[in-house]
Amino acid sequence: MINSLPSSPAYKIGFKIYMGLFYLFLVLPIVVICILAFNDSDFIALPWKGFSLDWFFANTDKRVGLFEDADLLHSIWVSISTGFLVALFSTIFGTIAAMLFEERDFKFKGFLYFLALAPLVIPGVILGISILMSSTSLGYFLEDNYNLSLEWLYPGFWLVVFGQFSFCATYVMLLVSARLKKFDKTLEEAALSLRATRLESIFLITLPFLRPAIISAFVVAFLISFSNFNTTIFLIGSDTTLPVELYTRIKYSSTPVLNAVSFMIVVFITLVAVVNLFVNRKK
Amino acid sequence: MRKSKFIFYLLLVPVLLWLISLIVLPHIQLFISSFVIENDSGDKVFSFANYLTFFSDEIYWRTFINTALYAIFITFLAFVVTFPVAFYITKIASKKYSGFMTLLLLIPIWIGELVTIYGWMILLGDHGVVNNFLIYIGLIDTPIKLLYTDFSMSVGLLYMSMLFMIIPVMSTLESLDNSLIEAASDLGASKWTIFTKIIIPYAMPGITSGAIIVFMLVIGDYVAPNLLGGKSSLWFTEQIYNNFLATFNWNVGAAFGFLLLFLSSVIVWVALKLSGQKLERVGS
Numbered sequence: 001m002i003n004s005l006p007s008s009p010a011y012k013i014g015f016k017i018y019m020g021l022f023y024l025f026l027v028l029p030i031v032v033i034c035i036l037a038f039n040d041s042d043f044i045a046l047p048w049k050g051f052s053l054d055w056f057f058a059n060t061d062k063r064v065g066l067f068e069d070a071d072l073l074h075s076i077w078v079s080i081s082t083g084f085l086v087a088l089f090s091t092i093f094g095t096i097a098a099m100l101f102e103e104r105d106f107k108f109k110g111f112l113y114f115l116a117l118a119p120l121v122i123p124g125v126i127l128g129i130s131i132l133m134s135s136t137s138l139g140y141f142l143e144d145n146y147n148l149s150l151e152w153l154y155p156g157f158w159l160v161v162f163g164q165f166s167f168c169a170t171y172v173m174l175l176v177s178a179r180l181k182k183f184d185k186t187l188e189e190a191a192l193s194l195r196a197t198r199l200e201s202i203f204l205i206t207l208p209f210l211r212p213a214i215i216s217a218f219v220v221a222f223l224i225s226f227s228n229f230n231t232t233i234f235l236i237g238s239d240t241t242l243p244v245e246l247y248t249r250i251k252y253s254s255t256p257v258l259n260a261v262s263f264m265i266v267v268f269i270t271l272v273a274v275v276n277l278f279v280n281r282k283k
Numbered sequence: 284m285r286k287s288k289f290i291f292y293l294l295l296v297p298v299l300l301w302l303i304s305l306i307v308l309p310h311i312q313l314f315i316s317s318f319v320i321e322n323d324s325g326d327k328v329f330s331f332a333n334y335l336t337f338f339s340d341e342i343y344w345r346t347f348i349n350t351a352l353y354a355i356f357i358t359f360l361a362f363v364v365t366f367p368v369a370f371y372i373t374k375i376a377s378k379k380y381s382g383f384m385t386l387l388l389l390i391p392i393w394i395g396e397l398v399t400i401y402g403w404m405i406l407l408g409d410h411g412v413v414n415n416f417l418i419y420i421g422l423i424d425t426p427i428k429l430l431y432t433d434f435s436m437s438v439g440l441l442y443m444s445m446l447f448m449i450i451p452v453m454s455t456l457e458s459l460d461n462s463l464i465e466a467a468s469d470l471g472a473s474k475w476t477i478f479t480k481i482i483i484p485y486a487m488p489g490i491t492s493g494a495i496i497v498f499m500l501v502i503g504d505y506v507a508p509n510l511l512g513g514k515s516s517l518w519f520t521e522q523i524y525n526n527f528l529a530t531f532n533w534n535v536g537a538a539f540g541f542l543l544l545f546l547s548s549v550i551v552w553v554a555l556k557l558s559g560q561k562l563e564r565v566g567s
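Read top to bottom, the protein sequences are chains A and B.
Numbering-wise (the numbering used here), the first sequence opens with residue 1 and increments by one.
Numbering-wise (the numbering used here), the second sequence opens with residue 284 and increments by one.
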C-alpha cells in the first residue's frame with residue numbers, strides 16, 4: 001500500500017498507469033489549445049496544416065491575430081488593471097481581517113468570521129446578482145432623493161473591482177492567517193517593552209514577518225480576479241474583462257485567435273507558478 | 284498584555300466595512316427584492332409571485348432537481364477519481380516528484396475555467412481531437428457526437444471542480460501517520476480493510492470540506508453547462524442568468540438566486556447530518 005509495505009507488481013504498475021491517465025486528462029485540454037494556436041488554419045480543429053504565427057501577428061481580411069485585435073488587447077488591459085486593483089484592496093483588507101481574527105477576542109467574533117468565510121461557499125452567481133441589485137438600487141435612491149449621480153454604483157469597471165474584491169479578500173485572509181498562526185507573540189511584546197508604539201510594532205515587526213504570505217496572497221488574488229467569470233458577468237459595463245470577452249467569442253465568433261490568447265495565459269500562469277515554486281523552495 | 288482599543292477599532296472598521304457593504308447588505312437586498320413585483324400600474328408591491336413561479340412552473344423546479352442531482356453525482360465522481368491521486372502524491376510518490384505533481388494540479392485552476400472548458404470543446408468537437416483519434420485507431424468510422432451532450436457537460440464539470448476536492452484531501456492525508464497503516468497490516472488487515480477502516484475515516488474532514496466546495500461550485504456553475512451542455516440540458520443557474528441578462532426580470536432572478544442559495548445550503552446541511560460530520564470540524 002505504502003512504500004514500507006510489500007505490494008504486488010500489478011498493484012504498483014496499475015497505480016502508475018492510473019496516475020498517468022489522470023495527468024493526461026489534466027493536461028490534455030491545455031496542451032491541445034496551445035498546439036492549435038500555431039495551426040495554419042482558419043478553423044479551430046484538426047487536421048494540422050502546418051506551423052504559423054498568423055493568429056498572433058496577422059492582420060488580413062480573414063485572419064486578425066492577437067496583437068492586431070484591438071478589442072482583445074483592450075480586454076486584456078482591463079483584466080490586468082482590474083486584477084491589480086482587486087489584489088491591492090483584498091491584500092490590505094484581507095491582512096487586516098487576518099490580524100483581527102487571529103489576535104483579538106471580541107463579541108460576535110464567531111459570527112463575523114462566519115461572514116468572512118461565506119464567500120467560499122456562496123456561488124459566484126449569487127454574489128454577482130446581489131451586489132448588482134444592491135448597488136444599483138442605492139444608486140437610484142441617491143439620484144432620486146439627493147440628485148447625486150455616482151457612476152461607480154452602476155455596472156462598470158469599479159463595480160467589477162468591488163464585486164471581485166468581496167470574495168478575493170477571503171482568500172487573502174486565509175493565506176495570511178496561516179502564517180500569522182506561526183508568529184511568535186513575544187517578538188511584539190519585546191518591541192513594546194523597548195518602547196515602540198503599537199503601530200510601530202505592527203509595521204516594524206508583524207508586517208515584515210507576514211511579508212512572504214502577503215506577497216503570495218497578492219498574486220493569488222490577482223489570478224482569481226484575472227480568471228473570474230461568474231461574478232464579473234453581472235457587474236460589467238462597456239469595459240469587458242478578458243474572460244467575458246473570451247466567453248462571448250467562444251459562443252458567437254470563435255477563430256483560432258482564442259487559442260493564441262489562451263496560449264499566452266497558459267504561458268503566463270505557468271511562469272508565475274514556477275517562480276512561486278522556486279521562491280518557496282529557497283525558504 | 285493589554286491590547287489597545289484604538290488599534291482594535293483600526294482593524295475592526297475596515298473588516299466591518301467589507302462584510303457589511305459587500306456581503307450582508309447585498310444579500311438582504313436580494314432577499315427583499317425577491318418579494319417585489321411590479322403591478323399593472325407600475326408600482327412596486329410585496330408579493331410571493333416570484334417564488335410561486337418557481338413552484339407552479341414545472342420546468343423550473345425540475346431544472347433545479349436535475350441540477351442538484353448532477354451536482355451530487357459530480358461530487359461523488361470527483362471523490363472517486365481524485366482520491367487515489369491524493370493518496371499517491373502524499374504517500375507513495377517520492378519527495379522529489381510530489382512538489383512538481385502538486386504544482387501541475389494547481390495550474391489548471393489558475394488558468395481558469397473558461398480556457399480549460401474551451402480546451403474541452405476543441406477536444407470533444409465533431410472534428411475534434413478525440414474523434415480524430417478514435418477514427419485513426421479504427422474504433423469508429425464516422426465522428427460520434429460528444430460535444431453538446433450530457434457527457435461533455437459532465438466531463439467539463441468534473442474537470443473544473445475535481446481539483447478543489449484533491450487539495451483538502453491531500454492536506455488531511457499528509458498528516459496521516461504511516462505507522463497506523465503499517466500496524467494494521469502487521470495485524471493482518473487486508474488492503475480493503477485498511478482503506479475503509481483507517482484511511483477513509485482519517486481523511487473524512489478533508490473529504491467533507493472538498494465535497495462541500497465541489498458541490499457548491501458545480502451547482503453554481505454556468506460556463507461548463509452553457510458551453511458544453513446540449514440544448515436540452517437544464518441547468519438552474521442558466522435560468523438566473525437569463526432572468527438578469529436576457530429578459531431583465533431581476534426580481535424573479537433574485538427569487539431564483541435566493542432559492543439556489545437556500546436549497547443548496549439545505550442539501551449540504553442534510554448531507555453533513557447524514558454523514559455525521561460537523562461543519563466546525565470541517566473548517567479546521
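For each residue, glycine too, the CB sits at the ideal point set by N, CA and C.
- Residue environment for residue 200 (chain A): exposed (fewer than 16 other C-beta atoms within 10 angstroms of its C-beta).
- With contacts defined as CB atoms closer than 8 Å, residue 127 (chain A) and residue 162 (chain A) fail to qualify as a contacting pair.
- Residue 531 (chain B): not part of any beta strand (DSSP E); DSSP gives it neither H nor E.
- In the three-state reduction of the DSSP assignment, residue 62 (chain A) falls in the coil class.
- With contacts defined by Cβ atoms closer than 8 Å, residue 117 (chain A) and residue 170 (chain A) form a contacting pair.
- Within the segment 345–425 of chain B, the alpha helix (DSSP H) runs of at least 4 residues that lie entirely inside it are, in chain order, 378–394, 396–407, 412–419.
- Less than 8 Å separates the beta-carbon of residue 523 (chain B) from that of residue 536 (chain B).
- Its chain contains 124, 127, 128, 163 as the residues whose beta carbon lies nearer than 6 Å to that of residue 231 (chain A), once the 5 sequence neighbours on both sides are disregarded; these appear in chain order.
- Among the residues facing chain A, residue 312 (chain B) is included, as its CB has a counterpart in that chain under 8 Å away.
- For chain B, the residues of the segment 123–145 of chain A that bring a beta carbon within less than 7 Å of one of its beta carbons are 123, 124, 125, 126, 129, 130, 131, 133, 134, 137, in chain order.
- Below the 7 Å Cβ cutoff, chain B contributes 391, 394, 399, 402 as neighbours of residue 30 (chain A), in chain order.
- Counting only the Cα atoms, residue 402 (chain B) lies some 12 Å from residue 246 (chain A).
- If you check each beta-carbon in the segment 510–537 of chain B against every beta-carbon of chain A, the ones closer than 8 Å belong to 510, 520, 523, 524, 527, 528, 533, 536, 537.
- For residue 329 (chain B), the enclosing beta strand (DSSP E) begins and ends at 327–329.
- Residue 499 (chain B) belongs to the set of residues whose beta carbon lies under 8 Å from a beta carbon in chain A.
- For residue 301 (chain B), the closest alpha carbon among the candidates A:173, A:157, A:106 is that of A:173.
- With a 10 Å radius around the Cβ and a threshold of 16 neighbouring Cβ atoms, residue 51 (chain A) comes out exposed.
- With contact defined as three or more Cβ pairs closer than 8 Å, the segment 493–502 of chain B and the segment 104–122 of chain A are in contact.
- Rounded to whole angstroms, the separation of the alpha carbons of residue 143 (chain A) and residue 347 (chain B) is 38 Å.
- The beta carbon of residue 230 (chain A) sits closer than 8 Å to some beta carbon of chain B.
- Residue 319 (chain B) sits in a strand when the DSSP states are folded into three classes.
- At the C-beta level, residue 501 (chain B) and residue 354 (chain B) come within 8 Å of one another.
- DSSP assignment within the segment 416–493 of chain B yields no whole beta strand (DSSP E) run of 3 residues or more.
- Approximately 4 Å separates the beta-carbon atoms of residue 350 (chain B) and residue 519 (chain B); this is inside 8 Å, confirming the contact.
- Segment contact: the segment 461–479 of chain B against the segment 396–414 of chain B, fewer than three CB-CB distances shorter than 8 Å; contact not assigned.
- Distances from the alpha-carbon of residue 137 (chain A) to those of A:154, A:107, A:225 put A:154 closest.
- Using a 10 angstroms sphere on the CB of residue 54 (chain A), the tally of other CB atoms reaches 16 or more, which defines it as buried.
- Per the DSSP secondary-structure output, residue 51 (chain A) pairs in a beta bridge with A:39.
- Take residue 15 (chain A), set aside five residues on each side of it, and no residue of its chain has a beta-carbon closer than 6 Å to its own.
- Inter-segment contact for the segment 255–269 of chain A and the segment 30–46 of chain A is present: three or more beta-carbon pairs are separated by less than 8 Å.
- The C-alpha of residue 487 (chain B) is placed about 38 Å away from the C-alpha of residue 525 (chain B).
- Linking residue 508 (chain B) to residue 516 (chain B) through their CA atoms gives a straight-line distance of about 8 Å.
- For residue 75 (chain A), the nearest beta carbon of chain B is not closer than 8 Å to its own beta carbon.
- Assignment of residue 185 (chain A) by DSSP, reduced to helix, strand and coil, places it in the helix class.
- Inter-residue distance for residue 179 (chain A) and residue 205 (chain A) is about 14 Å (C-alpha atoms, whole angstroms).
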